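Remarks on the structure that follows.
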Amino acid sequence: MKKIMILCFALLFLFSTTAAMATKEEVRVPTKVKVISQSCMAEGLCLTVIDLECNEVVVIFYSVLASGLFKGSLKLNNLIRTGMFVEPDEQAYVIGQDAPFVEGNEQGKEPQFSR
């Protein structure tokens, strides 16, 4: 019975803690970029950018690290180099803000794109 109780507490502790998945240290985050879209959510921030050094589309995800009762800072979680190469001046990008956004935005209206 004691072993079962210890096992239950260990499993409860294991499932109740959050583990931050970090990217490998050797991943090179682009420094000169053009942001073509971004999305905020409770889990973190996702950016789709064009790396201006090689014109490659890169998806970067920063996750929120919990620290105590309050949310902590953002930390690089994942970086995906898509292998897609584009011309930055010809690539469309989204103009707008994350949901929920009501001001000046009519329901049912198509998203706006710009070049």
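Numbering follows my numbering, in which position 21 of the sequence shown is assigned residue number 28; successive positions increment by one, without gaps.
The C-beta atom is built at its ideal place from N, Cα and C for all residues, glycine as well.
In this text the structure is predicted, and so the values were computed from the model without any measurement.
In this structure, DSSP gives L86 an extended state, which the three-state scheme calls strand.
Bridge pairing for K41: I57 [DSSP].
Listed as beta-bridge partners of G51 by DSSP are M48 and S70. The beta carbon of V65 is closer than 8 Å to those of P37, V40, T55, V56, I57, D58, L86, I87, R88 and T89 in its chain, skipping five residues each way along the sequence. Around the C-beta of S44, fewer than 16 other C-beta atoms lie within 10 Å, and the residue is accordingly described as exposed. If you draw a 10 Å sphere on the C-beta of F92, you find fewer than 16 other C-beta atoms in it, and that means exposed. Taking a C-beta distance under 8 Å as the contact criterion, S80 and E50 do not qualify as a contact pair.
Each residue's CA atom was taken as its position, placing E97 and V42 some 13 Å apart. Sorting N62, I67 and I11 by C-alpha distance to the C-alpha of L83 places I67 at the top. Secondary structure of M12 (DSSP, three-state): helix.
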